[in-house]
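Protein chains: 2
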Amino acid sequence: MSRATPQTATAETMSRQQREISVSEFFLKNRHLLGFDSPRKALLTAVKEAVDNSLDACEEAGILPEISVEITQTGEKRFRMDVTDNGPGVVRQQVPRIFAKLLYGSKFHRLRMSRGQQGIGISAAGMYGQLTTGAATRILSRISKGKMAHHIEVQIDTRKNTPTILKDVELDWRPAFPRPAPDGAFGIPEASPHGTSVTIEMEAQYIRGKLSVDEFLRQCLVANPHLQLHYRINLLNKEVDAEGQAATPLVEGQWISWMRLAHQLPVPPVEIKPHPHGVELGMLMQMLRDTESRTLRGALSEDFSRVSSPTALDICTRAGLDPKANPRRIAQRDIEGLFKAVNETKLMRPPTDCLSPIGEELIAGGLAKEIQAEFCTAVTRDPTVYRGNPFQVEVGLAYAKAGENEGLSGDDPVRVLRFANRVPLLYMGGACAITKAISGVNWKNYGLAQPRGSVPVGPAVIMVHIASVWVPFTSESKEAIAHYPEIIREITFCVQECGRRLAVHLSRRNRENEVERKRSYIEKYIPHLAHGLKDILDLPGKEEDRVVQILRKMLERSHLET
Amino acid sequence: MSRATPQTATAETMSRQQREISVSEFFLKNRHLLGFDSPRKALLTAVKEAVDNSLDACEEAGILPEISVEITQTGEKRFRMDVTDNGPGVVRQQVPRIFAKLLYGSKFHRLRMSRGQQGIGISAAGMYGQLTTGAATRILSRISKGKMAHHIEVQIDTRKNTPTILKDVELDWRPAFPRPAPDGAFGIPEASPHGTSVTIEMEAQYIRGKLSVDEFLRQCLVANPHLQLHYRINLLNKEVDAEGQAATPLVEGQWISWMRLAHQLPVPPVEIKPHPHGVELGMLMQMLRDTESRTLRGALSEDFSRVSSPTALDICTRAGLDPKANPRRIAQRDIEGLFKAVNETKLMRPPTDCLSPIGEELIAGGLAKEIQAEFCTAVTRDPTVYRGNPFQVEVGLAYAKAGENEGLSGDDPVRVLRFANRVPLLYMGGACAITKAISGVNWKNYGLAQPRGSVPVGPAVIMVHIASVWVPFTSESKEAIAHYPEIIREITFCVQECGRRLAVHLSRRNRENEVERKRSYIEKYIPHLAHGLKDILDLPGKEEDRVVQILRKMLERSHLET
């Protein structure tokens with residue numbers, strides 16, 4: 000050690016070591032917080048961030064999304080990811096910051112449901128690629144037919160969290176997607192006049208299974224039936240599956256495509272203003288400092304949702320403040336009074352058109368594609384609010400037909416599919432509010448076995464979707480939902496409703512099975528019974544048939560009465 | 000809604016919504032990531048951040064730490080926290096940034112074990128206070144007898160992540176700590192010539208129990224026997240315990256003090272340089288760009304640990320590079336070759352004096368204070384490495400004496416105490432590598448019952464400490480350790496060693512109990528046996544006593560032989 004720290008420091012020597020930490024440095028060191036803790040997960044996270052961005056951009060621009068995902072192995076532990084969409088494209092000046100600056104984006108500051116919300120994801124994926132391979136993020140983007148595309152390559156200067164542009168040229172590029180030819184093979188690719196393609200090379204590992212890119216994309220289609228998706232993997236060698244055994248590549252080098260099932264975009268969510276009951280004291284102070292209104296009354300009614308001008312006047316009166324006061328000059332003590340008055344005022348709940356649920360019909364449809372079900376139900380609850388943020392829970396439950404679903408055993412825990420704002424969550428199930436809510440329900444009431452404190456056991460799939468203007472994730476990697484009591488409660492209610500429906504189905508089915516069993520049992524003995532009766536009552540031979548008929552009718556009647 | 004988002008956006012309209020997100024805004028919205036998701040946890044997190052900083056500062060300055068923690072209720076859901084230490088103090092210019100700027104500090108950029116590592120904690124606590132009460136963070140600090148103290152009040156401008164100074168005055172303040180008078184009551188407080196006091200008012204809740212400030216401080220003392228601690232709670236009403244029942248306040252309004260047990264500081268950890276095998280390609284590129292050395296060989300030997308000048312030459316040769324080359328001008332392809340060469344070169348493991356373990360003796364001593372144990376053991380393993388970061392695991396295990404430990408039942412899961420760099424971790428046990436490692440051990444081998452996949456059941460306490468230059472936490476709130484395989488493996492080995500020792504103890508104890516049971520059983524019948532023998536053999540009366548003696552001797556011999 001040439002420069003050991005002195006054994007004892009003083010306030011002065013310690014002060015010289017203080018310095019700013021850039022957010023990029025912070026997350027580079029803590030990259031497991033962003034989902035880049037293992038090579039396998041890194042590949043999934045990168046694909047997820049790119050696909051999320053593409054879907055958000057398409058929906059915001061009113062374009063039915065078409066996306067291609069291509070994963071190409073470039074070395075033993077190296078992969079290149081290319082994700083291309085038919086979205087609106089990104090204007091040239093914004094490309095470097097969107098793709099190579101953490102905490103930069105359009106979605107953080109608005110209250111509206113979207114997949115991205117942090118302004119971290121895709122830049123983090125690029126930063127991880129840069130760290131592990133030294134390669135830059137390559138972006139191709141075209142915003143319209145009439146304009147040329149841009150080819151830009153960027154890296155992050157992690158010391159400053161700013162983009163470094165390595166290449167910036169115009170070219171005549173258009174995003175193209177494979178099209179199946181009439182004979183079933185893929186024909187001429189079709190180009191879109193606009194769209195974006197992002198390429199990142201990184202240290203990664205491709206493994207099939209429950210935590211794979213394949214599974215993520217499959218679940219994406221369940222929650223996004225309006226998505227048209229193409230997927231291709233190009234491997235150097237045969238990949239290995241989760242058990243480490245070499246598997247025959249299913250799709251290697253071949254595009255597989257899923258055509259969209261819904262030909263309409265979901266209803267676009269609308270941006271809302273903050274609801275006063277979800278605003279904390281410090282935030283209220285900040286909002287009054289920042290308002291463009293000249294009066295307190297105006298600030299209250301214009302900057303918040305559900306505050307009309309008369310309500311604003313009412314709040315001012317209640318707080319003993321002049322409604323014409325300059326909102327930027329209210330003393331802290333008065334703001335505390337205002338805060339109290341706001342929270343004592345009855346207000347409508349926040350508007351909920353900021354949310355875009357999947358809907359019961361499409362959830363049931365999605366589940367039907369997941370398994371061969373003998374019973375399937377879905378519930379979309381009314382929106383509600385946590386910390387002022389509107390959110391909405393949807394649950395689907397499908398119970399498998401016996402013997403028709405490979406890999407779905409009645410002795411294993413039910414399969415739980417978790418979604419937040421239409422994005423599948425694959426990792427960290429144990430830490431998620433969804434798992435906690437499902438485990439907290441007493442499933443024995445609904446006819447499923449359940450180990451204490453765990454998810455129930457049975458041949459079923461439970462899908463839970465939470466849609467919110469701000470999903471509180473347990474980490475920046477957005478893999479699990481934090482345990483807010485309001486959210487757990489809503490999920491619980493929704494899951495219980497599905498559970499009750501399942502219980503009705505199972506008890507009817509069990510009863511029917513029981514009756515059927517008895518019936519077939521009795522039916523088996525009717526001829527013997529008739530024969531006996533004939534002997535006892537000394538009936539003529541042809542009466543025996545009539546007795547059989549009468550007995551059968553009695554049996555049927557009793558069956559209907561059960 | 001007055002300003003609904005247009006139904007369809009274009010690349011241009013979308014680009015106008017893009018903006019930078021300040022790290023303060025990000026964590027304000029995501030304050031659950033920092034441990035401020037509930038009022039109860041907020042109080043604990045704030046105390047923890049302040050105490051961690053005080054301990055780090057004292058140890059760095061070679062001062063035996065003395066800290067007072069005072070919690071004062073100021074409203075129904077409002078508390079003020081005052082944490083005062085006898086540390087080296089903070090120079091005036093640094094106060095605003097240390098206490099009101101996220102991602103600012105001295106510990107992030109160096110490789111040395113410390114409690115703080117992010118430069119977020121105490122500023123985040125102040126930001127939470129500001130958000131929920133509008134109050135500023137107040138700091139009093141004095142760096143020496145000869146200089147006046149500073150009284151500074153700061154808030155964070157969350158839009159910019161910069162401090163706003165509300166007050167900045169000099170005064171003649173010194174930190175003072177309660178001293179017990181000879182009659183046992185507290186006498187005249189004793190002042191230190193230097194130290195820091197931080198005061199934050201916040202929305203909070205005080206509840207006793209496993210997740211309380213009380214418990215945190217108690218565990219702090221276990222891992223920091225050199226700490227002298229004073230604690231006082233001032234409540235407006237009686238507080239309620241975890242079950243919501245009013246409890247008699249134990250310490251309300253009265254200082255309770257714990258005198259230090261160890262009168263020497265732990266061996267101060269030494270800062271190290273990065274180990275080449277833990278440096279990723281992108282980091283190597285950055286380090287070569289930033290080096291102060293003029294030659295590649297110099298950069299390798301001076302900026303990394305365990306690379307001597309001959310080894311550096313060897314690496315250059317292996318990579319086919321000129322050792323005299325300018326390290327800032329090496330082509331990317333060549334750096335890739337260098338990276339490969341570095342990883343193919345055998346190097347000593349990183350030095351481990353950057354770590355400061357608690358030690359087996361003090362761990363066993365700490366556990367002995369926790370429970371009345373019939374068996375107690377501790378193991379400190381040799382340091383090892385994950386991602387180039389040295390770390391070290393210590394485990395203590397204490398098995399309770401039957402009937403002498405309230406609240407420790409043989410039917411409940413064992414109590415697990417988790418520590419990272421001497422800081423107790425109370426929340427998120429389920430997500431922690433420590434819990435995962437303990438649950439993964441087969442405890443039936445060691446004589447404890449264990450539900451499948453859970454921690455074992457029994458009247459025992461297991462304490463696990465991980466010391467590292469960089470502890471990978473699952474979130475910024477630093478409550479649980481991420482599941483790095485290397486870390487889980489080390490904890491597992493260490494826990495297994497303690498388990499084996501427990502098994503030896505339990506099997507010896509069971510054998511002794513069994514023998515004791517047999518012995519007392521036989522002893523009970525010796526007189527009858529002797530009497531019977533006397534009758535059968537027709538011995539004289541006094542022979543009966545001799546037979547009893549002989550039988551007792553035989554019994555004792557057989558006992559020794561067991």
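Protein chains in written order, with numbering that gives the first Met the number 0: chain A, 0 to 561; chain B, 0 to 561.
Ideal Cβ positions, reconstructed from N, Cα and C, are used throughout, including at glycine.
Bear in mind that the values here come from a model prediction, so they are computed numbers and not experimental data.
Below 6 Å CB to CB, which residues in the same chain sit around residue i once its five sequence neighbours on both sides are set aside?
i: B/Ser53; result: Ile66, Asp84 and Gly86
i: B/Pro455; result: Val413, Trp442, Leu447 and Gln449
i: A/Thr473; result: Ala430, Ala479 and Ala481
i: B/Ala10; result: none
i: B/Phe374; result: Tyr398 and His504
i: A/Ala432; result: Ile480, His482, Ile486 and Ile487
i: A/Arg109; result: Glu270
i: B/Ala377; result: Glu359, Ile362, Ala363 and Gly395
Show which residues of chain B have a CB atom less than 9 Å away from the CB atom of residue i.
i: A/Arg96; result: Gln17 and Glu19
i: A/Leu102; result: Glu19, Ile20, Ser21, Val22, Glu24 and Phe25
i: A/Gly429; result: Gly429 and Ala430
What residues of chain B sit near residue i, judged by a beta carbon separation below 7 Å?
i: A/Asp36; result: Ala481
i: A/Ala60; result: Thr7, Ala8 and Thr9
In the DSSP assignment, what are the bridge partners of residue i?
i: A/Ala367; result: DSSP, once it has assigned bridges, lists no residue as partnering A/Ala367.
i: B/Phe110; result: The residue you asked about is not Phe; residue 110 of chain B is Leu in the sequence shown. Its beta-bridge partners are B/Ile271.
i: B/Gln72; result: B/Phe78
i: B/Ser256; result: B/His229
i: B/Gln116; result: In DSSP, B/Gln116 forms no bridge with anything.
i: B/Ala419; result: B/Val422 and B/Ile465
i: B/His262; result: Answer is none; B/His262 lacks a bridge partner.
Who are the neighbours of residue i on chain B, taking C-beta pairs under 8 Å?
i: A/Lys28; result: Phe107 and Trp469
i: A/Thr131; result: Glu279, Leu280 and Gly281
i: A/Phe303; result: The premise fails here: A/Phe303 is roughly 11 Å from chain B at the closest Cβ pair, so nothing lies under 8 Å.
i: A/Ser474; result: Leu32, Thr473 and Ser474
i: A/Ala175; result: Within chain B, no residue comes near A/Ala175; the closest Cβ sits about 19 Å away, beyond 8 Å.
Suppose the cutoff is 8 Å on Cβ atoms and the five residues either side in sequence are ignored; what does the same chain contact list for residue i look like?
i: B/Gln371; result: Ala399, Lys400, Glu403 and Asn404
i: B/Thr383; result: Arg348, Pro389, Phe390, Gln391, Glu485 and Glu489
i: A/Pro350; result: Val269, Ile271, Ser304, Arg305 and Pro389
i: A/Ile329; result: Leu287, Leu295, Leu320 and Leu337
I'd like the list of long-range same chain contacts for residue i, defined as Cβ closer than 7 Å, with 5 residues on each side in sequence excluded.
i: A/Leu249; result: The pLDDT assigned to A/Leu249 is 46, lower than 50, so where the model puts this residue is not dependable; a value taken from the coordinates is nonetheless given after this. Excluding residues within five positions, none has a Cβ falling inside 7 Å.
i: A/Met112; result: Pro268, Cys353, Leu354, Ser355, Asn420, Ala466, Ser467 and Val468
i: A/Leu216; result: Val68, Leu228 and Tyr230
i: A/Lys552; result: none
i: A/Thr491; result: Ala436, Gly439 and Val440
i: A/Leu220; result: Leu226, Leu228 and Trp257
Figure out for me which residue from the options has the closest Cα to the Cα of residue i.
i: B/Ala123; options: B/Lys28, B/Gly297 and B/Gly409; result: B/Lys28
i: A/Gly120; options: A/Ala45, A/Asp321, A/Leu139 and A/Ala56; result: A/Ala45
i: B/Ala135; options: B/Val168, B/Tyr103 and B/Ala99; result: B/Ala99
i: B/Pro224; options: B/His530, B/Asp410 and B/Val422; result: B/Val422
i: B/Arg137; options: B/Gln117, B/Ile199 and B/Asp289; result: B/Ile199
i: B/Gly145; options: B/Ile155, B/Gly118, B/Arg173 and B/Ser292; result: B/Arg173
i: B/Asp302; options: B/Asp411, B/His274, B/Arg207 and B/Ala175; result: B/His274
i: B/Pro471; options: B/Arg317, B/Val82 and B/Gln117; result: B/Gln117
i: B/Met462; options: B/Leu554, B/Leu424 and B/Pro162; result: B/Leu424
Under 7 Å Cβ-Cβ, which residues of chain A neighbour residue i?
i: B/His31; result: Pro471 and Ala481
i: B/Val90; result: Ala10, Glu11 and Ser14
Which residues of chain A have a Cβ atom closer than 9 Å to the Cβ of residue i, listed in chain order?
i: B/Met286; result: Within chain A, no residue comes near B/Met286; the closest Cβ sits about 12 Å away, beyond 9 Å.
Check the Cβ of residue i against every Cβ in chain A and list those closer than 8 Å, keeping chain order.
i: B/Pro87; result: Ala8, Thr9, Ala10 and Met13
i: B/Ala529; result: Per Cβ cutoff of 8 Å: no residues; B/Ala529 is ~55 Å from chain A at best.
i: B/Ile121; result: Correct list: empty, because the minimum Cβ distance to chain A is about 13 Å.
Taking 8 Å as the cut-off, does the stretch 332-339 of chain A touch the stretch 358-373 of chain A (at least 3 CB pairs, one atom from each stretch)?
no
Would you call the stretch 54-62 of chain B and the stretch 501-512 of chain A touching, i.e. three or more CB-CB distances under 8 Å?
no
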